[in-house]
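**Q** Using the numbering used here, the first residue of the sequence shown is number 18, and each one after it goes up by one.
Before we start, here is the structure in question, set down as structure tokens.
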Amino acid sequence: MKTIICGGTIISASDEYKADILIEDGKIAQIGIDLSKIDVDEIIDANEKLVLPGGVDVHTHFDLPMFNTVSSDDHYSGHKAAAFGGTTTVIDFVPQTGNDLKKDIDGWLKKSEPKAAIDYGFHMNISIFNQDVADQIPGLIDLGITSLKVFTAYNSTLRLPDADIFKVMRIAKKYGFLTMLHAENGDIIEILVQEAVTAGNLTPEWHAHTRPAWGAVEAVTRGISFSAQTEAPLYIVHMNAAGEVDQLAYGRDLGLQVMGETCPQYLFFTVEQLLRPDGSKWICSPPMRSEEDNQRLWLGIMEGTIQVVGTDHCPFFFDGSKSITYEEIDIKIPGKELGKEDFTKIPNGLPGVGDRLPILWTEGVGKGRITPNQFVAVTATNPAKIFGLYPKKGVIQPGSDADIVIWDPNKRLTYGVEWSKHRTDYNLYEGWELEGYPVKVFLRGKCIVDGKKWQGNAGEGKFIKRMPFGQVI
Ligand code: DUC
Ligand code: ZN
Ligand code: ZN
18 MKTIICGGTI ISASDEYKAD ILIEDGKIAQ IGIDLSKIDV DEIIDANEKL
68 VLPGGVDVHT HFDLPMFNTV SSDDHYSGHK AAAFGGTTTV IDFVPQTGND
118 LKKDIDGWLK KSEPKAAIDY GFHMNISIFN QDVADQIPGL IDLGITSLKV
168 FTAYNSTLRL PDADIFKVMR IAKKYGFLTM LHAENGDIIE ILVQEAVTAG
218 NLTPEWHAHT RPAWGAVEAV TRGISFSAQT EAPLYIVHMN AAGEVDQLAY
268 GRDLGLQVMG ETCPQYLFFT VEQLLRPDGS KWICSPPMRS EEDNQRLWLG
318 IMEGTIQVVG TDHCPFFFDG SKSITYEEID IKIPGKELGK EDFTKIPNGL
368 PGVGDRLPIL WTEGVGKGRI TPNQFVAVTA TNPAKIFGLY PKKGVIQPGS
418 DADIVIWDPN KRLTYGVEWS KHRTDYNLYE GWELEGYPVK VFLRGKCIVD
468 GKKWQGNAGE GKFIKRMPFG QVI
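Below you can see the structure in the form of structure tokens.
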């Protein structure tokens with residue numbers, strides 16, 4: 018099968034140029050001028066449109082059991098929502114349930130393989146650590162899992178002691194894993210939550226008050242110091258506080274191998290959001306901060322201190338007592354209402370995988386905060402380089418997978434739950450006016466989104482084995 022995307026303007030992380038793209042057997046075969054003369058099966062007209070590499074979201078939680086429920090997008094509905102928003106590759110986190118890492122990975126593969134509609138990989142959470150687990154970690158490279166997530170919070174469940182994080186990073190250094198850090202101070206959170214509950218402070222804003230920014234800043238600094246002492250690269254996930262960006266800049270100025278990710282919610286929203294009657298929609302960990310934090314994060318992206326915009330997509334229904342219709346089936350999954358009377362019971366997490374590109378384009382490129390090249394860098398090329406997917410993913414060049422988004426920079430719409438395809442009952446950006454949106458999305462040469470039409474299928478997404486020793490940028 019041969020296809021030509023003709024007449025569009027290709028945007029890469031560094032350039033912008035008008036050219037045609039020849040796609041053959043799912044890969045980009047050629048880029049050049051006047052390729053439409055070649056005899057092909059299909060010609061796609063991209064005149065007056067932009068042509069971008071498919072987005073790479075390296076931070077999703079599909080079908081994740083937590084808070085007595087489960088995140089409401091699974092590996093099909095989440096992939097479909099991602100595709101509608103221009104994302105063609107995701108990396109999801111495998112929770113560790115015991116001492117057998119392979120068992121957890123096989124379980125996650127078993128549920129994702131038949132559902133996957135875009136390409137995907139896995140990170141491995143390391144939340145239980147002992148010699149047995151340490152001995153199994155190197156074997157993950159052969160499975161194509163080359164990143165490990167560790168936590169300095171969630172004391173009784175996910176957190177590792179500092180000594181164990183240090184040991185994990187030593188293993189990571191030796192075998193070429195990237196360590197990803199969830200940075201908050203678990204001890205202080207425990208005390209503050211206990212005090213809030215005792216005082217009867219149970220409304221949603223207390224979720225933020227009990228997870229202070231200082232804890233995040235301190236934990237980022239701790240992580241950077243571990244990176245310095247182990248000489249292992251470190252990636253800080255979901256950066257949310259100004260001080261974290263300052264610390265990351267400090268580490269990078271010293272030449273350390275430290276990188277960072279933020280997510281759209283931390284660029285736009287503040288703790289004020291939690292005071293609304295529907296404030297629980299914005300509950301996630303780490304929490305929303307202040308406008309100063311929003312501004313410093315934007316600056317971090319602009320100046321290159323932050324390399325990636327991911328999502329931490331982990332949606333729940335706002336009102337899981339009522340069903341929604343999803344692909345003609347009524348579905349309801351317990352959600353934020355579980356914590357109506359007590360913020361500690363609100364499932365932590367937000368929808369976002371489909372919102373990322375459209376929101377960042379309008380608010381970032383449209384408002385002159387970042388260039389179209391920076392947009393491509395932080396949403397596709399950088400994550401692909403850092404996580405061992407490049408140049409298969411994250412770039413439009415001969416030999417790469419033909420994961421391509423045809424983007425209409427002039428398309429205007431009022432965004433919200435009707436546009437986003439997440440399997441939940443709300444959208445954080447309801448009513449936002451957007452300019453710029455995907456019109457066609459290709460996965461390995463197949464058009465899976467055509468305007469409002471879904472042409473993808475469960476089971477067509479491929480598990481991608483990633484390379485160790487990803488780039489440090
Ligand atoms: N934070 C959330 O809010 N949800 C899932 C995981 C995480 O780190
Ligand atoms: Zn996290
Ligand atoms: Zn997460």
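Cβ atoms here follow ideal geometry from the backbone N, Cα and C, with glycine treated the same way.
(1) So, P250 versus L198, is the Cβ gap smaller than 7 Å?
(2) Should P364 and F334 be called a contact, given that it needs their Cβ atoms to be closer than 7 Å?
(3) Identify the continuous beta strand (DSSP E) that holds S437 and give its terminal residues.
(4) Is the beta carbon of I27 sitting closer than 7 Å to the one on I61?
(5) In chain order, what residues place their C-beta within less than 6 Å of a heavy atom belonging to ligand 1?
(6) Counting pairs of Cβ atoms below 8 Å between the segment 215 to 224 and the segment 171 to 186, do you hit three or more?
(7) Any heavy atom of ligand 2 closer than 6 Å to the Cβ of V325?
(8) How would you call D152, buried or exposed, if buried means at least 16 neighbouring beta carbons within 10 angstroms?
(9) In terms of alpha-carbon separation, which member of D91, Q290 and D74 lies closest to P82?
(10) Can the beta-carbon of G203 be found less than 7 Å from the beta-carbon of D420?
(11) Taking Q391 as the reference, which of M319, P375, Y446 and D42 has the closest Cα?
(12) On the DSSP letters alone, give me the boundaries of the beta strand (DSSP E) that I423 sits inside.
(13) Short check: CB of P455 to CB of V422, under 7 Å?
(14) Would you report the Cα separation of S307 and V288, rounded to the nearest angstrom?
(15) Should R293 be labelled buried (16 or more other beta-carbon atoms within 10 Å of its own) or exposed?
(16) Buried or exposed, going by whether 16 or more other CB atoms sit within 10 Å of the CB of A236?
(17) Check whether chain B comes within 7 Å of V489, counting only Cβ atoms and requiring the distance to be less than that.
(18) Should H330 and V395 be called a contact, given that it needs their Cβ atoms to be closer than 7 Å?
(19) Taking 7 Å as the threshold (C-beta atoms), are L291 and P506 in contact?
(20) Residues in its own chain within less than 8 Å of K402 by CB, not counting five upstream and five downstream?
(21) In three-state terms, what does DSSP make of G453?
(22) Starting from the Cα of T398, find the closest Cα among Q414, A259 and V111 and give me that residue.
(23) Output the boundary residues of the alpha helix (DSSP H) element that contains F192.
(24) For a quick check, are the C-beta atoms of A100 and I45 less than 7 Å apart?
(25) Less than 7 Å between the C-beta atoms of Q264 and T238, yes or no?
(26) According to DSSP, is H140 helix, strand or coil?
(27) Specify, as a first and last residue, the run of the alpha helix (DSSP H) that E261 falls within.
(28) Excluding the 5 residues flanking K438 on each side, which residues of the same chain have their C-beta closer than 6 Å to its C-beta?
(29) Would the C-beta of V254 count as close to ligand 2, meaning under 6 Å from any of its heavy atoms?
(30) Answer with buried or exposed for E450, where buried requires no fewer than 16 other C-beta atoms within 10 angstroms of its C-beta.
(31) Could you tell me which residues DSSP puts in a beta bridge with V466?
(32) Closest to V87 by CA distance: which of A259, L284, L355 and A230 is it?
(33) I'd like to know whether the C-beta atoms of T163 and P485 end up nearer to each other than 7 Å.
(34) How would you label A133, buried or exposed, when you count the other beta carbons within 10 angstroms and need 16 or more for buried?
**A** So, to answer that:
(1) no
(2) no
(3) Counting along the chain, S437 falls outside any beta strand (DSSP E), and DSSP gives it neither H nor E.
(4) no
(5) H78, H199, C301, S302, D329, C331, N365 and G366
(6) no
(7) no
(8) exposed
(9) D91
(10) no
(11) M319
(12) I421 to T431
(13) yes
(14) 6 Å
(15) exposed
(16) buried
(17) Going by chain labels, chain B is absent from the structure shown, which holds only one protein chain.
(18) no
(19) Given a span of 18 to 490 for the chain in the structure shown, any question on residue 506 remains unanswerable.
(20) G411, G487, Q488 and I490
(21) strand
(22) Q414
(23) According to the sequence as given, residue 192 is Tyr; it is not Phe. Start and end: D179 to Y192.
(24) no
(25) yes
(26) strand
(27) A259 to D270
(28) K97, A98, F101 and G371
(29) yes
(30) exposed
(31) V458 and W471
(32) L355
(33) yes
(34) buried
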